Amino acid sequence: MGVVNVTPDSFSDGGLYLDKEQAVEHAQHLVDEGADIIDIGGESTRPGVAVDIAEGSKSGESKPVANSAGAKIAVSAQVELERVLPVIAALKKKRPDAVVSIDTYKASVARAAVSAGAEIVNDVSGFRWDPQMAKTVADLKCGAILMHMRGRPEEWRTLPPPGDIVLLVKRELKDWAERAVLAGVRRERIVLDPGFGFGKSFDENYPLLARFSELQAAGFPLLVGTSRKSFIGRTLSKDGKDAPPQDRLYGTLATQTALILKGAHIIRTHDVKAAAEAARVADAILQAR
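In the numbering used here, the protein residues as written are 1 to 289.
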């Protein structure tokens, strides 16, 4: 899964593909490099960003939320749609074979994106922030990715320790997936993502990686997104400074290879060619067992 962020502020590539033509060109480049899925997002959920949660919404339309101290204002559904819909439509026209996922937690954005050609809804909130999301995805009969996140981005720095992070992620993801099934989402359309870096501290990401195979017990395919994450930058720090996102490729490949060997089915990455080649070797190791 190749990442295309149509945002001005994503941690790794913010602002690079805000222009529609650049975003579509980049998406085609990722397909040529070996991406099976293109994940298009119009809102950053990096640390400190206040998300736009439509609590109690009956229409699925987003409502503004109060901005926490130091947090950036959330992106409205309208702005998100203006960013992603032209890119999805243009990409599907140029590359109809490309499978597109829409990275959103808003039901209204999910519905419009699928109408424009997206086949998968990738929700970082695990269908929890918009009460209409599960029913919307069930009605759309599209693929669904439910990601695990502790708290909201503006709260991450103040979250209490979770205890056993692996057991917590496994239990909550399974629970959220079962709720989606009860809402009408077909079980075979669901993929789970443990959400590396999303509400997990440096000390919590590595146990999640080391014990990743335990998540297979949930009974769903697993997606992982470690690409250029800050915990890798911390591990690769030099002279007291974390490695910047552009210097985290080799560390990223180490995590991706380890996760494939532990049962990951989909790798979400900014660096498709490198990840695809690492995946081919990891698959060869698995097939030789």
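We put the CB at the ideal spot given by N, CA and C, even for glycine.
In this text the structure is predicted, and so the values were computed from the model without any measurement.
Item: Rounding to the nearest angstrom, what Cα-Cα distance links ILE267 and PRO221 in this structure?; Value: 11 Å
Item: Taking Cβ positions, are THR252 and THR226 nearer each other than 7 Å?; Value: yes
Item: Using 10 angstroms around the beta-carbon of VAL281, count the other beta-carbons present and answer buried if the total reaches 16, otherwise exposed.; Value: exposed
Item: Would you check if the distance between the CB atom of GLU80 and the CB atom of VAL109 is smaller than 7 Å?; Value: yes
Item: Determine the burial state of THR158: buried for a count of at least 16 other Cβ atoms within 10 Å of its Cβ, exposed for fewer.; Value: exposed
Item: So which of GLN78, HIS148, ARG150, ILE120 has the shortest CA-CA distance to THR136?; Value: ILE120
Item: Taking GLY197 as the reference, which of ASP271, ALA254, SER76, ARG150 has the closest Cα?; Value: ARG150
Item: Assign ARG285 to buried or exposed, taking buried as 16 or more other Cβ atoms, counted over all protein chains shown, within 10 Å of its Cβ.; Value: Note that residue 285 is Ile in the sequence shown here, rather than Arg. So ILE285 ends up on the exposed side.
Item: So, for VAL166: in the same chain, excluding its five sequence neighbours on each side, which residues have a beta-carbon less than 7 Å away from its beta-carbon?; Value: PRO207, LEU208, ARG211, GLU214
Item: Could you check whether LEU249 and ASP283 sit closer than 7 Å to each other, using their CB atoms as the reference points?; Value: no
Item: Once the 5 residues before and after ALA180 are set aside, which same chain residues still bring their CB inside 7 Å of it?; Value: PHE127, ALA134, ALA144, LEU146, ILE190
Item: Counting along the chain, where does the beta strand (DSSP E) carrying MET147 start and finish?; Value: 143-147
Item: Does the Cβ-Cβ distance between ALA264 and VAL224 come in under 7 Å?; Value: yes
Item: By the DSSP assignment, the beta strand (DSSP E) with VAL4 in it spans what residues?; Value: 2-5
Item: Quick check: what's the CA-CA separation for PRO64 versus LYS174?; Value: Residue placement at PRO64 cannot be trusted, given a pLDDT of 37 that sits under 50; the coordinates are not used to answer.
Item: Which ranges would you report for the beta strand (DSSP E) in the segment 67-155 if only whole runs of at least 3 residues count?; Value: 99-103, 120-123, 143-147
Item: May I ask which residues mark the beginning and end of the beta strand (DSSP E) holding VAL191?; Value: 190-193
Item: Taking 7 Å as the cut-off, decide whether the C-beta atoms of ILE88 and GLY117 are in contact.; Value: yes
Item: Let me check one thing: in DSSP terms, what residues is ASP39 bridge-paired to?; Value: VAL3, SER101
Item: On a Cα-Cα basis, can you pick out the residue from HIS29, ALA279, PRO245, THR269 that is closest to ILE260?; Value: ALA279
Item: Where does LYS229 land, buried or exposed, given buried means 16+ other C-beta within 10 angstroms?; Value: buried
Item: Leaving out five residues before and five after ARG289 in sequence, what residues of the same chain have Cβ atoms less than 7 Å from its Cβ?; Value: none
Item: Using only CA atoms, which one of LYS262, ALA98, SER201, CYS142 lies nearest to ILE232?; Value: SER201
Item: Excluding the five sequence neighbours on either side, which residues of its own chain have a C-beta within less than 8 Å of the C-beta of LYS273, listed in chain order?; Value: GLU33, GLY34
Item: Going by Cα to Cα distance, which pick from LYS94, ARG95, PRO131, VAL99 is closest to LYS106?; Value: PRO131
Item: Could you tell me which whole beta strand (DSSP E) segments of length 3 or greater appear in the segment 167-232?; Value: 190-193
Item: Rounded to the nearest angstrom, how far is the Cβ of ASP183 from that of ALA138, given a contact under 8 Å?; Value: According to the sequence provided, residue 183 is Ala. The question's Asp does not apply to it. Their Cβ separation, rounded to whole angstroms, is 6 Å, which keeps ALA183 and ALA138 in contact under 8 Å.
Item: Anyone know if the C-beta pair for ASP39 and ASN122 falls short of 7 Å?; Value: yes
Item: Which same chain residues, not among the five before or five after PRO162, have their C-beta less than 6 Å away from its C-beta?; Value: LEU168
Item: Straight-line CA distance for ALA74 to GLU188?; Value: 32 Å
Item: In or out: ASP19 buried (at least 16 other Cβ within 10 Å) or exposed?; Value: exposed
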